[in-house]
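Shown next, in structure tokens, is the structure this report addresses.
Protein chains: 2
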Amino acid sequence: MLGISAITETESRPARSIASGVVRASATGLAGVFEMLAMPMAFERNEEIYGEGEAAEYLYEVVRGAVRTTKMLADGRRQIGAFYRAGSFFGLEASDDHAFSAEAICNSTIRMVKRSSIVAMVARDTSLAAELWAATASDLRIAQEHMLLLGRKTAEERVASFLLSLAGEPANGQIVVELPMSRQDIADYLGLTIETVSRTFTRLEDNAAIELPSSRRVVMRSRSGLQRLNG
Amino acid sequence: MLGISAITETESRPARSIASGVVRASATGLAGVFEMLAMPMAFERNEEIYGEGEAAEYLYEVVRGAVRTTKMLADGRRQIGAFYRAGSFFGLEASDDHAFSAEAICNSTIRMVKRSSIVAMVARDTSLAAELWAATASDLRIAQEHMLLLGRKTAEERVASFLLSLAGEPANGQIVVELPMSRQDIADYLGLTIETVSRTFTRLEDNAAIELPSSRRVVMRSRSGLQRLNG
DNA sequence: CGATTCATTGACTAGAATCAAATACCGTGG
DNA sequence: CCACGGTATTTGATTCTAGTCAATGAATCG
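Okay, structure coming up:
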């Protein structure tokens, strides 16, 4: 379940270990650092990666699978802050402990690098520092966009936004999206209940905007139709 | 209305100008950089500081007054992302353009520093890079906390959270909070309408949690009472 | 002062939540 | 392969919180 990764085939230049003090990473940036230094770990579905309030000792990268960050109120109400898919970094916190907890949505492989290692490398590598800042600022931008959704959009607009964000930016052909997360996760991400999410999916299907061959698979028939609902 | 500030009394070491290429700032960090390089500018109530989609050319610091960042939907629905008070930095975006617009809530003085200047200094000063990252990560944390509020809290909990966040962390004596922003601003920050904000203030007054000597002044009678509502 | 903007209050509505039940799905073991 | 139990999802009926529409009251600024 746990192993130290070797240098992958995408990193051609030999890199010395942390112990020797200097590691070249600028060639591949933050992703390169993770490739070199990460301990890839397997997490099972719904397994906690870190908890709210725990010391923020590592930075993380999703290699395979999907991750959610969550925050809970005392009575169990839950908000999902973001979903992270393969290639994304998360846990980028500058403060000493985590504001959210993070859990694997499905069986996933996560690379973890000690914050102290990253901080040490960032001190030597300006472009790496810029990349770390950019990654954090990108998370901030996504959070700000999500605040608009949570504060001002209707249920239908929220679900349409969500589907469009999963679809990426391809041409307007029929796009098939595989949902790794449950209806409860979607609801807690969009600030709705599972019933409202489910009803909204059904309504979008009735409007011919989407098709639902199964509950975890969405065919987007009318991208423009969804964009009209997006707000 | 516009002038280049001299080095202030808090920065004892003489610093050379940007033109000469090197500026020492680590003694006072990011705030020191702003003191040295900033053009302080006056903005009137409701004046735009930058617009959504504009190039993110500067970083900003509130010297006096208060600032809101906003995002609008096509039909005019508005979400306020954050309020910034004296001493706060904003506009910390790593991407090329602003995701939100920023406006002065009341007549305010804002220091602006070119992003390129900051980026140049950050490349030489590791601790400054760390501080810039920390400031961005702090904004991210606040945004994440706010997503929980917008997605999962009731109107009463939202208003209670808002008041507690303004009050800071003092002892539980009677705290008087001066609101620089309108009811509309509060509503757009909390994802509510002005009517609901107003009614909630009244209800809190009836519960003896607060007093409202005027619409812009809140006396917090029972901090614990508000905390119980906070969620 | 008078005009205008901002805030509060009231009556009613609508959209999403809640409560409840039925149906579909999935892995397991007979 | 199919029956079973458990979970996830969908659908239905009803409730309730916050929104909308409307009017009044208070504060602010020439």
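Protein chains in written order, with my numbering: chain A, 1 to 231; chain B, 1001 to 1231. The beta-carbon is built from N, C-alpha and C at its ideal position, and this holds for glycine as well.
{"Check": "Where the beta strand (DSSP E) containing residue 1081 of chain B begins and where it ends", "Outcome": "1078 to 1085"}
{"Check": "Proximity to residue 1086 of chain B [Cα-Cα], best of B/1108, B/1049, B/1197 and B/1136", "Outcome": "B/1108"}
{"Check": "Residue 32 of chain A versus A/128, A/99 and A/182, residue with shortest Cα-Cα distance", "Outcome": "A/128"}
{"Check": "Neighbourhood of residue 1060 of chain B by C-beta distance below 6 Å, restricted to the same chain and skipping five residues each side", "Outcome": "1090, 1091, 1110 and 1112"}
{"Check": "Secondary structure of residue 67 of chain A, DSSP reduced to three states", "Outcome": "strand"}
{"Check": "Proximity test, Cβ basis, 8 Å: residue 1147 of chain B and chain A", "Outcome": "yes"}
{"Check": "Cutoff 8 Å: residue 1052 of chain B Cβ touching any chain A Cβ", "Outcome": "no"}
{"Check": "Closest Cα partner of residue 1184 of chain B within the set B/1151, B/1052, B/1029 and B/1046", "Outcome": "B/1046"}
{"Check": "Assumed close pair residue 67 of chain A, residue 80 of chain A - CB separation to whole angstroms, cut-off 8 Å", "Outcome": "About 10 Å; that fails the 8 Å criterion."}
{"Check": "Residue 70 of chain A burial status per 10 Å Cβ neighbour count (16 or more: buried)", "Outcome": "buried"}
{"Check": "Residue-chain proximity (residue 214 of chain A, chain B), Cβ-Cβ < 8 Å", "Outcome": "no"}
{"Check": "Residue 161 of chain A classed as buried or exposed, judged by whether at least 16 other C-beta atoms fall within 10 angstroms", "Outcome": "buried"}
{"Check": "Cβ contact check for the stretch 118 to 138 of chain A and the stretch 185 to 200 of chain A: 3 or more pairs under 8 Å", "Outcome": "no"}
{"Check": "Cβ of residue 93 of chain A within 8 Å of any chain B Cβ", "Outcome": "yes"}
{"Check": "Under 9 Å by beta carbon: chain A residues contacting residue 1114 of chain B", "Outcome": "Those within 9 Å of residue 1114 of chain B in chain A number zero; the least Cβ separation is about 16 Å."}
{"Check": "Sequence-distant residues of the same chain with beta carbon closer than 7 Å to residue 177 of chain A, five excluded per side", "Outcome": "163, 166, 167, 218 and 220"}
{"Check": "Reduced DSSP secondary structure (H/G/I, E/B, other) of residue 88 of chain A", "Outcome": "coil"}
{"Check": "Within chain B, the residues that residue 79 of chain A reaches when beta carbons sit closer than 7 Å", "Outcome": "1147, 1148, 1151 and 1152"}
{"Check": "Span separating the alpha-carbon of residue 300 of chain A from that of residue 84 of chain A", "Outcome": "What the structure shows of chain A is the stretch from 1 to 231, and residue 300 of chain A is not part of that stretch, so it cannot be assessed."}
{"Check": "Continuous alpha helix (DSSP H) stretch holding residue 1131 of chain B: start and end", "Outcome": "1126 to 1152"}
{"Check": "Contacting residues, own chain, Cβ-Cβ under 6 Å from residue 1179 of chain B (five flanking each side not counted)", "Outcome": "1216"}
{"Check": "8 Å Cβ cutoff met for residue 1074 of chain B and residue 231 of chain A", "Outcome": "yes"}
{"Check": "Residues near residue 186 of chain A by beta carbon distance below 6 Å, same chain, minus five either side", "Outcome": "197"}
{"Check": "Alpha-carbon to alpha-carbon, residue 181 of chain A and residue 122 of chain A", "Outcome": "34 Å"}
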